[in-house]
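J.:
Numbering (the numbering used here), first residue to last: 695 to 1136.
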């Protein structure tokens, strides 16, 4: 592998002249006291492919028919359903329900769509998290920090805001849930998109011997960016540039400055050799290719993040055969017998990788949660929602952690299913772009 000097990267991106911080929805007073969170696959998609096994979010790998991406024309019934929900849960508004309903009906009749107020947008984003059936960490749905960036349309300005998202979310290691909402789709005019599935990913460089330097899961996307002109350093931790696609411009690439990405070098409390593997991971898992649907309006660029649950890194990113595939490496270093499955070498190596992830984040002072704690918190969330008379859509196959699932309380019960909106969806076109399969268009 190529040597990878720590924290060496692209030069800082200068913010455009005249740039100002966007409006941000204040979090509830309990914000600073929250000790847990939701796993970094985020509350609506973990970027682990199609296979269930890690909590991520969203309702399905692709959008169900009822939430499918379309023409930008709003379904008036869906808009009215959302407005009723908003006024039911947030009745103290300056405009009456009847007046606001009249405004929305008139706007949809005239233009085919309508504009949410900031309060409606913030509420819709938080409820979209609350409704995400694949997320185990919804206890803190109401603490989501919402950034209203619908006025930001130029690719370089969008990029600057995405960098600011990473700074705000990292918060010096005290990772906080943030969503940045850009312009929605409108009839005949799609909103902006980012091709990347997360704002931070490591490139995967194929070697002549068939191996990969970096993340094997991103070799196709890396090669697509090379064809577009990207010239990476070729290290094991090159940050993938962001590809921003707007209706008025061709797709443009922007190098992510290293200084906006909080990274954690990995070590193990009992095995000094683990640090010599040269592994690292990033603190903010910001999902960037899912569509948020609020009241019939689709926001194709609404990147969001939580904080990581350790198994997302230690039992998926580092272990999946099409990703880093570290089980054989760690097992050999541990001196385990890998010749037969009954030695349980995979299980033992898996546990130690996860120990290393939790240890490294905690040592670095970066927020993370373990799967046992988060499972208990999810049951607390269920109880709170049931007291409010609300259904909690839950996909069992994603809520149960990929490590020691049978000894977590979320394993031993049934859940309600369904597609409640607002929500997040992963469309086939977005999936293709993030895999390097579809270079142009929405």
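Think of the CB as a built atom: it goes at the ideal place given N, C-alpha and C, for glycine as much as any other residue.
Given the structure is predicted, the values throughout are model-derived calculations rather than measurements.
DSSP state of residue 919, grouped into three classes?
T.: Residue 919: helix per DSSP, three-state reduction.
J.: Please classify residue 818 as buried or exposed, where buried requires at least 16 other C-beta atoms within 10 Å of its C-beta.
T.: Buried is the call here.
J.: Just to check my reading of the structure: residue 815 and residue 875 have Cβ atoms closer than 8 Å, yes? What is that Cβ distance to the nearest angstrom?
T.: Indeed they touch by this definition, with Cβ atoms about 6 Å apart.
J.: Looking at the secondary structure, which residues open and close the beta strand (DSSP E) in which residue 944 lies?
T.: Per DSSP, residue 944 belongs to the beta strand (DSSP E) from 943-948.
J.: Nearest to residue 870 by alpha carbon, out of 1128, 840 and 878?
T.: Residue 870 has its Cα closest to that of 840, out of 1128, 840 and 878.
J.: Any idea what DSSP makes of residue 998, helix, strand or coil?
T.: In the structure shown, residue 998 sits in a strand (DSSP, three-state: E or B).
J.: Can you check which of these residues, 784, 769, 830 and 774, is closest to residue 1109 by C-alpha distance?
T.: Residue 830 is the option with its Cα nearest to residue 1109.
J.: Relative to the C-alpha of residue 925, which candidate in 1023, 994 and 948 has its C-alpha closest?
T.: Checked all of 1023, 994 and 948; the closest Cα to residue 925 is 948.
J.: At which residue ranges does the region 812-883 contain complete beta strand (DSSP E) runs of 3 or more residues, listed in the order of the chain?
T.: Whole beta strand (DSSP E) segments, 3+ residues: 839-842 and 872-875.
J.: Would you mind working out which of 1121, 850 and 1114 sits nearest residue 943, comparing C-alpha positions?
T.: Minimum Cα distance to residue 943 is reached at 850.
J.: Which residues bound the beta strand (DSSP E) around residue 939?
T.: Element bounds for residue 939: 936-940.
J.: Whose C-beta lies closer than 6 Å to the C-beta of residue 867 among residues of the same chain, with five residues either side of it excluded?
T.: Excluding sequence neighbours, residue 867 sits near 1059 and 1060.
J.: If I follow the unbroken beta strand (DSSP E) through residue 992, where does it start and stop?
T.: 991-993 is the extent of the beta strand (DSSP E) around residue 992.
J.: With three or more C-beta pairs closer than 8 Å as the rule, is the region 888-895 touching the region 961-979?
T.: In short, these stretches touch, since the Cβ pair count reaches three.
J.: What number of angstroms, rounded off, separates the C-alpha of residue 991 from the C-alpha of residue 933?
T.: Looking at the two C-alpha atoms, the distance is approximately 32 Å.
J.: Which residue wins for smallest C-alpha separation from residue 1097, given the options 1121, 1125, 1088 and 1007?
T.: When each option's Cα is compared against that of residue 1097, the closest is 1007.
J.: Under 8 Å: do the region 949-958 and the region 846-863 share three or more Cβ pairs, one atom per stretch?
T.: At 8 Å Cβ cutoff, the stretches touch.
J.: Measure the alpha-carbon distance for residue 1074 versus residue 1003 and round it to whole angstroms.
T.: So the alpha carbons of these two residues sit roughly 17 Å apart.
J.: Assuming residue 896 and residue 931 form a contact by the criterion Cβ under 8 Å, report the distance between their Cβ atoms to the nearest whole angstrom.
T.: That pair is a contact at about 5 Å.
J.: What is the rounded straight-line gap between the Cα of residue 1103 and the Cα of residue 780?
T.: Rounded to the nearest angstrom, the two C-alpha atoms are 32 Å apart.
J.: Within 8 Å, do at least three Cβ pairs link the region 1110-1117 to the region 820-830?
T.: The answer is yes - the region 1110-1117 touches the region 820-830, with three or more Cβ pairs under 8 Å.
J.: For the candidate residues 1051, 771 and 886, whose alpha-carbon lies nearest to that of residue 973?
T.: It is 1051.
J.: For a test of the three-state rule: what should DSSP assign to residue 898, helix, strand or coil?
T.: Strand, per DSSP.
J.: To the nearest angstrom, how far is it from the Cα of residue 970 to the Cα of residue 961?
T.: Approximately 8 Å, taken between the alpha carbons.
J.: Tell me which same chain residues have a C-beta within less than 6 Å of the C-beta of residue 1029, skipping the five on either side of it?
T.: Once the five neighbours on either side are set aside, residue 1029 has no close Cβ partner at all.
J.: Hey, would you say residue 989 sits closer than 8 Å to residue 773, going by beta carbons?
T.: In contact: residue 989 and residue 773 (Cβ atoms closer than 8 Å).
J.: Given residue 922, which residues of its chain have a CB within under 7 Å of its CB, disregarding the five upstream and five downstream residues?
T.: Once the five neighbours on either side are set aside, the close Cβ partners of residue 922 are 947.
J.: Taking the continuous alpha helix (DSSP H) assigned at residue 796, which residues delimit it?
T.: Start and end: 791-805.
J.: Which value, in whole angstroms, describes the spacing of the CA atoms of residue 935 and residue 1083?
T.: Straight-line Cα distance between these residues: approximately 44 Å.
J.: Mapping DSSP to helix, strand and coil, what is residue 1063?
T.: Residue 1063 falls in the strand class under three-state DSSP.
J.: Could you please give me the residues that DSSP links to residue 975 through a beta bridge?
T.: For residue 975, which the question treats as bridged, DSSP gives the partners 958.
J.: Just to confirm, is the Cβ distance from residue 1119 to residue 984 under 8 Å?
T.: In this structure, residue 984 lies closer than 8 Å to residue 1119 by Cβ.
J.: Within the same chain, show all residues whose beta-carbon is closer than 8 Å to that of residue 987, passing over the 5 residues directly before and after it, in chain order.
T.: If we look at residue 987 and ignore the five residues flanking it on each side, its Cβ neighbours are 761, 822, 993, 1115, 1116, 1117, 1118 and 1119.
J.: Give me the Cα-Cα distance between residue 1095 and residue 1005, rounded to the nearest whole angstrom.
T.: The straight-line gap from Cα to Cα measures roughly 7 Å.
J.: Checking contacts by CB at 8 Å: is residue 1109 closer than that to chain D?
T.: Among the protein chains of the structure shown there is no chain D, as only one such chain exists.
J.: How big is the Cα-Cα spacing for residue 958 and residue 975?
T.: Looking at the two C-alpha atoms, the distance is approximately 5 Å.
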